[in-house]
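>
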Amino acid sequence: MLTFVCECHYWTLKNDLNVSYTDFSHFKYNEKKETETSTDKIIKKNYVEASGCNWSVSNKRPLKLRDSLKYFETELNDHYLIAVEWIKKDKIAFIFNNGSTIFVTFDPVTCDIVEIVTDKFLQSKFQCEQLINVSYAKQVLLCSFSDHKLGIIHFGRSFDRTLNKWSFLDPKIGLLDFSNSITNRKNERKITFNVSATMVATWSKSSLNEVYPWNPLVKDEHRANVHVYKIIGPRLELCCYYHTKQDPIIVSFSKTISNIIFILEQKNCNDPRLDFSTFEVTNTKLHLVKVVTISPFDWCSATIVNAWLNKDDTRICFSYNNSVLFIHDFKLSITCSVKTAFPVEYLDWHPDGNMIAVSDSNGRIQCYDSCLSCIRLQPLTEEASSFVWLDVQSKIGNKKLFFMKWMPYEMTKHPVNQSDAVLHLVFEKYKYF
31 MLTFVCECHY
41 WTLKNDLNVS
51 YTDFSHFKYN
61 EKKETETSTD
71 KIIKKNYVEA
81 SGCNWSVSNK
91 RPLKLRDSLK
101 YFETELNDHY
111 LIAVEWIKKD
121 KIAFIFNNGS
131 TIFVTFDPVT
141 CDIVEIVTDK
151 FLQSKFQCEQ
161 LINVSYAKQV
171 LLCSFSDHKL
181 GIIHFGRSFD
191 RTLNKWSFLD
201 PKIGLLDFSN
211 SITNRKNERK
221 ITFNVSATMV
231 ATWSKSSLNE
241 VYPWNPLVKD
251 EHRANVHVYK
261 IIGPRLELCC
271 YYHTKQDPII
281 VSFSKTISNI
291 IFILEQKNCN
301 DPRLDFSTFE
311 VTNTKLHLVK
321 VVTISPFDWC
331 SATIVNAWLN
341 KDDTRICFSY
351 NNSVLFIHDF
361 KLSITCSVKT
371 AFPVEYLDWH
381 PDGNMIAVSD
391 SNGRIQCYDS
401 CLSCIRLQPL
411 TEEASSFVWL
421 DVQSKIGNKK
431 LFFMKWMPYE
441 MTKHPVNQSD
451 AVLHLVFEKY
461 KYF
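What the sequence shown shows, in our numbering, is residues 31 to 463, in sequence order.
1) Among the candidates K62, L402, I386, S403, whose CA atom is the shortest distance from the CA of I395?
2) Between N336 and V374, is the Cβ-Cβ spacing less than 9 Å?
3) For N84 and V78, I'd like the C-alpha separation in whole angstroms.
4) So the candidates are K361, T42, S188, K297; which of them puts its Cα closest to the Cα of K100?
5) Just tell me which of S98, S349, S331, D137 has its CA closest to the CA of L339.
6) I'd like to know if the stretch 254-270 and the stretch 313-324 are in contact, where contact means that at least 3 CB-CB pairs between them fall below 8 Å.
7) Helix, strand or coil for Y460? Go by DSSP, reduced to three states.
8) Taking only three categories from DSSP, how would you classify S282?
9) Below 8 Å, how does it come out for the stretch 149-165 and the stretch 176-185: are there three or more Cβ pairs, yes or no?
10) Within its chain, find whatever has a CB closer than 8 Å to the CB of I73; leave out the 5 residues flanking it on each side and keep chain order.
11) The alpha helix (DSSP H) with E251 in it runs from where to where?
12) Between the stretch 56-65 and the stretch 107-121, do at least 3 Cβ pairs fall closer than 8 Å?
13) Could you give the distance in angstroms between the alpha-carbon of I221 and the alpha-carbon of E413?
14) Going by C-alpha to C-alpha distance, which of G383, D250, L431 sits closest to F357?
15) Per the DSSP calculation, S349 is bridged to which residue(s)?
16) Helix or strand or just coil, what does DSSP make of Y77?
17) Name, in chain order, the residues that DSSP records as bridge partners for I117.
18) Suppose you measure from the CA of I125 to the CA of V147; what does that come to, to the nearest Å?
19) Please return the same chain residues whose Cβ sits closer than 7 Å to the Cβ of K435, not counting the five positions on each side in sequence.
20) In the DSSP assignment, the beta strand (DSSP E) including N163 goes from what residue to what residue?
21) Which of helix, strand or coil does DSSP assign to T104?
22) Rounded to whole angstroms, what's the CA-CA distance from S284 to S400? Just pull it up for me.
23) Please classify Y51: does DSSP put it in a helix, a strand, or coil?
24) Pick helix, strand or coil for Y439, following the three-state DSSP scheme.
25) Taking 8 Å as the limit between beta carbons, can you name the residues of its chain near A254, skipping five residues before and five after?
26) Can you name, in chain order, every residue of its own chain whose Cβ lies under 6 Å from the Cβ of L32, other than the five neighbours on each side?
27) For Y259, write down the residues that DSSP places opposite it in a beta bridge.
28) Give the range of the alpha helix (DSSP H) segment to which I426 is assigned.
29) Is K72 helix, strand or coil when you go by DSSP?
30) Assuming I324 and T365 form a contact by the criterion Cβ under 8 Å, report the distance between their Cβ atoms to the nearest whole angstrom.
31) For L152, is the classification buried or exposed, using 16 other Cβ atoms within 10 angstroms of its Cβ as the cut-off for buried?
32) For L7, count neighbouring C-beta atoms within 10 Å of its own C-beta (all shown protein chains included) and say buried if the count is 16 or more, exposed if not.
33) Reducing DSSP to helix, strand and coil, say where F185 ends up.
34) Just how far apart, CA to CA, sit F102 and N89?
35) Pull up the DSSP beta-bridge partners for W379, would you.
36) Does the stretch 280-298 touch the stretch 227-234, meaning 3 or more C-beta pairs lie closer than 8 Å?
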């Protein structure tokens with residue numbers, strides 16, 4: 031079995047992690063003025079600093095990293111995340127339900143935090159108590175609100191070292207009201223951009239089986255649950271719309287062709303087969319190009335959890351609630367499967383397309399190659415165990431995974447060994463609202 035060695039770096043100052051001074055595979059930040067001066071602590075501190083990493087976080091002006099990190103952790107504790115967006119090669123945006131955005135810049139080589147910036151721009155422009163979804167792509171930020179509105183912000187500038195807030199990027203704001211829509215009354219719309227960020231699609235559950243009173247003002251576009259818009263500066267212009275037969279599992283633009291969109295849905299309620307439809311986006315409608323029916327194995331009668339396309343749209347991976355993972359190859363028309371140690375809720379394809387990382391909400395991480403052969407994750411200095419997956423929950427305690435993503439290669443211009451990879455995980459404290 032192939033084995034990858036790994037280290038885990040935690041962006042926290044809290045002492046609620048189960049990371050000891052004798053553990054040389056897991057690292058967290060420490061307070062500068064600590065009373066304990068044990069031999070184990072001194073040895074680990076010397077090891078961390080000799081590796082080029084930071085043992086503690088500086089609080090020097092103007093960055094004041096330690097105070098900023100404490101505030102970041104307070105926001106994570108008091109609010110819940112709406113979205114996590116990888117802005118640049120070394121910058122990640124954390125967007126909270128109160129409209130606050132925290133930008134974290136880090137060093138991809140050491141995984142140390144370089145800068146933390148808090149931005150209240152969205153709070154000042156929108157009613158953020160109704161904010162339910164946010165997505166960013168190539169100088170366009172789209173916000174979905176529960177009162178059937180879409181907010182679009184078009185930025186005239188790109189992020190750099192000095193332009194590190196939304197408000198610094200020459201933003202222009204637009205608002206689209208679709209209150210006549212009858213589908214998905216809570217407006218839990220998901221957002222997907224095309225590869226050039228010139229179009230965006232919003233989608234929600236299908237309302238095909240719901241009954242509504244007849245209304246002469248309600249049009250087909252109001253009943254549709256998939257809408258495609260052109261992005262014209264700070265304005266959205268409706269191109270076309272579509273009403274799926276079943277609740278869509280994924281709606282995603284092609285990552286290689288800007289006017290191609292994919293829709294995956296179950297064939298019908300009692301049929302485990304899946305229809306993967308390819309549409310061409312025109313100015314007036316979605317033109318169906320082809321439909322591929324994917325048939326899981328006969329022994330699989332469980333409920334599908336989610337699905338994920340790879341980086342060039344040639345393979346799709348989907349998981350079931352009985353801990354079965356499938357990969358379907360569109361070019362070869364073959365399907366393979368594997369029984370995982372847990373039901374897969376999160377998955378991300380590695381940028382080279384030959385490996386996937388999967389996890390459940392508890393943060394148990396497992397990796398597979400493109401044929402679903404298991405890859406063991408082995409902490410660098412721990413003894414080999416019978417487990418092939420990495421148990422992060424044993425270190426972080428009662429927290430749930432919110433986000434998991436590989437750092438893309440195309441964004442990496444640092445002198446990082448290409449055999450290395452950074453997998454970014456975001457955990458939230460369990461909250462009940």
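By construction, the Cβ of each residue, glycine as well, lies at the ideal position given by its N, Cα and C atoms.
What you are looking at is a predicted structure, and each value in this text was computed from that prediction instead of being measured.
If we stick to the structure as given:
1) Translated into positions along the sequence shown, residue 395 becomes position 365. Ranking the options by Cα distance to I395, first place goes to I386.
2) In the sequence shown, counting from the first residue as 1, residue 336 sits at position 306. In the sequence shown, counting from the first residue as 1, residue 374 sits at position 344. The answer is yes: Cβ separation under 9 Å.
3) Numbered from its first residue, the sequence shown carries residue 84 at position 54. Numbered from its first residue, the sequence shown carries residue 78 at position 48. About 7 Å.
4) Your numbering for residue 100 matches position 70 in the sequence shown. The candidate whose alpha carbon is nearest that of K100 is T42.
5) Here residue 339 refers to the residue found at position 309 when the sequence shown is read from its first residue. L339 has its Cα closest to that of S349, out of S98, S349, S331, D137.
6) yes
7) Here residue 460 refers to the residue found at position 430 when the sequence shown is read from its first residue. Reduced to three states, the DSSP call for Y460 is coil.
8) Translated into positions along the sequence shown, residue 282 becomes position 252. S282: strand per DSSP, three-state reduction.
9) yes
10) Within the sequence shown, residue 73 is the residue found at index 43, counting from 1. Contacts found: Y51.
11) Here the question's residue 251 lines up with position 221 in the sequence shown. Note, E251: alpha helix (DSSP H), 250-253.
12) no
13) Indexing the sequence shown from 1 puts residue 221 at position 191. Indexing the sequence shown from 1 puts residue 413 at position 383. Cα-Cα distance, rounded: 43 Å.
14) For the purposes of this step, residue 357 is identified with residue 327 of the sequence shown, where counting begins at 1. The sequence shown places Ile at residue 357, not Phe. Measuring from the Cα of I357, the nearest candidate turns out to be G383.
15) Counting from one through the sequence shown, the residue named residue 349 turns up at place 319. Bridge partners of S349: N336, L355.
16) Position 47 of the sequence shown, counting from 1, holds the residue named residue 77. Reduced to three states, the DSSP call for Y77 is helix.
17) Position 87 of the sequence shown, counting from 1, holds the residue named residue 117. The partner list for I117 (beta bridge, DSSP) is empty, contrary to what the question assumes.
18) On the sequence shown, residue 125 is found 95 positions in, with the first residue counted as 1. On the sequence shown, residue 147 is found 117 positions in, with the first residue counted as 1. Answer to the nearest angstrom: the Cα atoms are 12 Å apart.
19) Residue numbering aside, residue 435 sits at position 405 when the sequence shown is read from its first letter. The residues are W116, D378, H454.
20) Position 133 of the sequence shown, counting from 1, holds the residue named residue 163. Unbroken beta strand (DSSP E) run through N163: 161-167.
21) The count along the sequence shown starts at 1 and reaches residue 104 at position 74. In this structure, T104 counts as helix in the three-state DSSP scheme.
22) Here residue 284 corresponds to residue number 254 of the sequence shown, with the count starting at 1. Here residue 400 corresponds to residue number 370 of the sequence shown, with the count starting at 1. Approximately 20 Å between the Cα atoms of the pair.
23) Working through the sequence shown from its first residue, we reach residue 51 at position 21. It is coil, neither helix nor strand.
24) Position 409 of the sequence shown holds residue 439. Three-state result, Y439: helix.
25) Residue mapping note: residue 254 aligns to position 224 of the sequence shown, counting from 1. Correct list, in chain order: T213, Y271, Y272, H273.
26) The sequence position of residue 32 within the sequence shown is 2, counting from 1. Close CB contacts of L32 within its chain, under the 6 Å cut and outside five residues either way in sequence, are with I405 (chain order).
27) Translated into positions along the sequence shown, residue 259 becomes position 229. For Y259, which the question treats as bridged, DSSP gives the partners V230, L268.
28) For the purposes of this step, residue 426 is taken as the residue at position 396 of the sequence shown. It spans 423-426 - the alpha helix (DSSP H) in which I426 sits, taken as one unbroken run.
29) Residue numbering aside, residue 72 sits at position 42 when the sequence shown is read from its first letter. Per the sequence shown, the amino acid found at residue 72 is Ile instead of Lys. In the structure shown, I72 falls within a helical segment according to DSSP collapsed to helix, strand and coil.
30) If you number the sequence shown from 1, residue 324 lands on position 294. If you number the sequence shown from 1, residue 365 lands on position 335. Right, their Cβ atoms sit about 7 Å apart.
31) Within the sequence shown, residue 152 is the residue found at index 122, counting from 1. Buried is the call here.
32) One cannot answer for residue 7 here, as it falls past the ends of the chain, which runs 31 to 463.
33) Counting from 1 along the sequence shown, the entry for residue 185 is found at position 155. F185 sits in a strand when the DSSP states are folded into three classes.
34) Indexing the sequence shown from 1 puts residue 102 at position 72. Indexing the sequence shown from 1 puts residue 89 at position 59. F102 and N89: Cα-Cα distance of roughly 14 Å.
35) Position 349 of the sequence shown holds residue 379. According to DSSP, W379 bridges with I386.
36) yes
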